[in-house]
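Notes follow the structure.
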Amino acid sequence: MERRVRFFDTTLRDGEQTPGVHFSAAQKLDAARRLEKLGVDVIEAGFPASSESDFEAVASIGRELSVTVCALARANAEDVGIAARALKDARRPRIHVFIAASDVHLEKKLGMTREEALRAVRESVALAASTGMEVQFSAEDATRSDREYLVSVFDAAIKAGATVLNVPDTVGYAVPEEFFSLFEYLLKNVPGAESVTWSAHCHNDLGLAVANSLAAVRAGAGQVECTVNGIGERAGNAALEEIAMIISTRGERDGFSHGIVTENITAASRFFADLTGVHPSPNKAIVGQNAFSHASGIHQHGIIADRSTYQIIDPRSVGLDDSTITLGKLSGKHAFSARTKALGYDLGDEAIRATFSRFKEIAEKKDTMTDDDVRAIVSEYLDGLEGKFFLSSFQIQSGNKMKAMALITLRSDGGEVTEAAPGDGPVDASFNAINKIASPFTGGPVDLLSYGIAAVTEGTDALGEAKVKIRADGAIFTGRGVSTDIIKASIKAYLNAINKRIAANERTEAGS
Ligand code: KIV
Ligand code: ZN
39 MERRVRFFDT TLRDGEQTPG VHFSAAQKLD AARRLEKLGV DVIEAGFPAS
89 SESDFEAVAS IGRELSVTVC ALARANAEDV GIAARALKDA RRPRIHVFIA
139 ASDVHLEKKL GMTREEALRA VRESVALAAS TGMEVQFSAE DATRSDREYL
189 VSVFDAAIKA GATVLNVPDT VGYAVPEEFF SLFEYLLKNV PGAESVTWSA
239 HCHNDLGLAV ANSLAAVRAG AGQVECTVNG IGERAGNAAL EEIAMIISTR
289 GERDGFSHGI VTENITAASR FFADLTGVHP SPNKAIVGQN AFSHASGIHQ
339 HGIIADRSTY QIIDPRSVGL DDSTITLGKL SGKHAFSART KALGYDLGDE
389 AIRATFSRFK EIAEKKDTMT DDDVRAIVSE YLDGLEGKFF LSSFQIQSGN
439 KMKAMALITL RSDGGEVTEA APGDGPVDAS FNAINKIASP FTGGPVDLLS
489 YGIAAVTEGT DALGEAKVKI RADGAIFTGR GVSTDIIKAS IKAYLNAINK
539 RIAANERTEA GS
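Just so we're aligned, residue 39 is where the sequence shown starts under the working numbering, counting upward by one.
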């Protein structure tokens with residue numbers, strides 16, 4: 039009989055621990071809708087005690103979605119209380135309580151004895167269970183913990199009301215045989231182990247996160263924790279798309295199945311790559327740009343004769359379309375809308391109207407519009423939906439014998455504002471002019487951490503996509519702008535990041 043493996047997606051919580059990645063509450067809600075369409079069983083939406091923004095994200099995702107929504111909490115009354123409040127209107131809430139179990143974490147990080155940690159497990163899990171919500175418990179750094187102590191920790195968690203027991207390989211130290219044997223040991227020795235769901239949470243420091251997750255499943259785990267594109271702290275977490283496609287491709291052998299809608303994998307991967315600015319390497323399994331391309335003559339010949347010669351996965355099964363319909367300036371709204379759907383977007387009439395008009399504007403200057411162009415246009419639109427300032431116009435003076443000067447006019451509710459500023463080149467001058475206009479609203483100084491521009495497609499008429507990363511008050515905000523004019527793309531990207539900063543600042547000031 040097939041055993042269905044549950045997918046616990048933590049892209050919005052552990053994935054957000056990727057260096058330089060930050061999601062606003064609105065971004066998390068939008069992303070969660072994608073994850074629900076991807077068919078994940080549980081969405082870990084955030085860590086409500088860590089910030090107002092995460093509290094808001096967990097609350098809104100819990101209210102809006104029908105999938106199980108999980109909130110992380112340290113093993114103390116305050117965190118558990120905050121997580122429960124964030125989940126109070128959720129349709130299927132789960133509180134995820136965690137505490138370290140390894141001696142090194144207990145002694146050096148928490149300054150606690152084993153007994154004190156056990157007490158914290160009992161009290162915090164019991165408190166979480168008293169809300170009537172489902173409770174998951176994680177023993178952080180389990181793979182470097184003493185096995186007998188681990189048994190007492192999980193035993194205490196089950197007795198206090200946890201029904202999902204998670205075994206994290208927090209530092210990516212385990213190897214598959216050892217992780218398999220750890221699960222075997224726990225399932226055999228923890229009292230009541232057969233009546234709860236066991237879960238694996240693997241990090242990829244040794245490149246074994248996916249292999250370890252599957253070893254755990256073979257040993258009896260019913261849930262795997264993972265992120266889209268494998269993003270996460272350091273070398274990341276187990277990649278959702280890899281676990282799903284291994285089960286789809288080889289599950290028959292092992293007798294496993296899953297509920298992931300694999301046709302939505304590519305769209306989800308690109309969505310998160312755009313949102314985070316962290317793009318999978320070209321040779322990354324399943325979602326890398328080269329994952330389904332065949333360069334050598336011998337391979338191409340084989341593929342043409344019969345795909346199965348060199349292809350173990352049908353690209354269509356992960357949502358890659360073989361279609362060669364080319365969009366261009368003569369394409370109609372219907373074709374454009376159909377392409378956005380195929381790329382995984384679910385846009386309403388107003389969004390289609392706005393993005394299609396932008397599409398036409400750019401298509402006038404380009405011969406053909408690729409999927410990457412369409413994706414860039416839609417992402418830019420979605421990013422720019424909310425914002426205090428919008429670009430009205432800009433003028434640049436620059437040359438090799440003069441200091442660059444930018445004159446920027448921004449539009450907001452209060453009308454138009456124009457400022458001029460010099461800079462080291464046209465981009466720097468533009469950013470300086472924007473800072474002059476926006477500084478009263480950013481709640482303090484803003485540092486530019488990175489700026490880059492890349493052609494989305496080839497040719498001199500290529501769409502340029504600019505990306506910026508800024509830091510203000512310790513938080514990081516990313517921005518993106520697209521145009522066939524690289525200065526305009528840069529201005530839009532910077533403005534996009536600044537608008538995010540202003541929105542975050544306004545939320546803090548409003549105390550929401
Ligand atoms: O890696 C880890 O240990 C975690 C826990 C909070 C589950 O992310
Ligand atoms: Zn983790």
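Just so you know, even glycine gets a beta-carbon here, dropped at the ideal spot from N, CA and C. Note that the structure is a prediction, hence the values are computed from the model and not measured.
Cα-Cα separation between residue i and residue j, rounded to whole angstroms
i, j, result
"S295", "A513", "40 angstroms"
"P483", "E116", "33 angstroms"
"L358", "A541", "36 angstroms"
"A305", "D384", "11 angstroms"
"L148", "R112", "11 angstroms"
"Q349", "F330", "8 angstroms"
"E154", "I351", "50 angstroms"
"L278", "P318", "13 angstroms"
"D68", "M440", "45 angstroms"
"A83", "A459", "41 angstroms"
"A138", "A177", "5 angstroms"
"L203", "W236", "5 angstroms"
"R41", "G100", "27 angstroms"
"A587", "K507", "One cannot answer for residue 587 here, as it falls past the ends of the chain, which runs 39 to 550."
"F428", "L533", "7 angstroms"
"S450", "K426", "6 angstroms"
"K75", "A247", "24 angstroms"
"V189", "R152", "12 angstroms"
"F515", "A323", "29 angstroms"
"P57", "S488", "13 angstroms"
"T362", "Q435", "Note on T362: pLDDT 45, under 50, position unreliable in the model; the coordinate value appears next. In a straight line, the C-alpha of T362 is about 42 angstroms away from that of Q435."
"L50", "G77", "15 angstroms"
"V325", "I303", "8 angstroms"
"P478", "D462", "23 angstroms"
Own chain, CB closer than 6 angstroms to residue i, minus 5 neighbours either side, in chain order
i, result
"S417", "D312"
"F309", "R72"
"P86", "D92, F93, V96, A109, I120, A121, A124"
"A212", "T181, N250"
"L252", "none"
"D387", "none"
"F46", "V80, Q261, E263"
"F61", "E54"
Bridge partner(s) assigned by DSSP for residue i
i, result
"Y187", "According to DSSP, Y187 bridges with nothing at all."
"K507", "S488, T516"
"N275", "H241"
"I434", "A444"
"D207", "C240"
"F294", "R41"
"G84", "A109"
"A459", "A444"
"V135", "A111, F175"
"Q261", "R44, S237"
Counted within 10 angstroms of its Cβ, other Cβ atoms place residue i as buried (16 or more) or exposed
i, result
"G490", "exposed"
"N267", "buried"
"P464", "buried"
"R185", "exposed"
"K226", "exposed"
"S369", "buried"
"N26", "Not covered by the structure: residue 26. The range shown for the chain is 39 to 550."
"S307", "buried"
"A414", "buried"
"M171", "buried"
"N537", "buried"
"S168", "exposed"
"N438", "exposed"
"N470", "buried"
"D521", "First, the amino acid is wrong: residue 521 is Ser here, not Asp. By the neighbour-count rule (16 or more Cβ atoms within 10 Å), S521 is buried."
"V159", "buried"
"L423", "exposed"
"G519", "buried"
"R129", "exposed"
"M39", "exposed"
Chain B contact for residue i (CB, 8 angstroms cutoff)
i, result
"R509", "Of the protein chains in the structure, only one exists, and it is not chain B."
Own chain partners of residue i with C-beta closer than 7 angstroms, once the 5 adjacent residues on each side are dropped
i, result
"H134", "E82, C108, A109, L110, A111, Q174, S176"
"G366", "A401, D405, T406, M407"
"N114", "A158, S162"
Contacts around residue i, its chain only, beta-carbon distance under 8 angstroms, and the 5 residues preceding and following it disregarded
i, result
"D127", "A97, G100, R101"
"N275", "T48, D52, G53, H239, C240, H241, N242, A247, E263, C264, T265, G268, I269"
"E215", "A253"
"V234", "I196, A200, T201, V202, L203"
"S219", "A257"
The ligand MG heavy atom lying under 7 angstroms from the CB of residue i
i, result
"L313", "The model depicted lacks the ligand MG and carries the ligand KIV and the ligand ZN instead."
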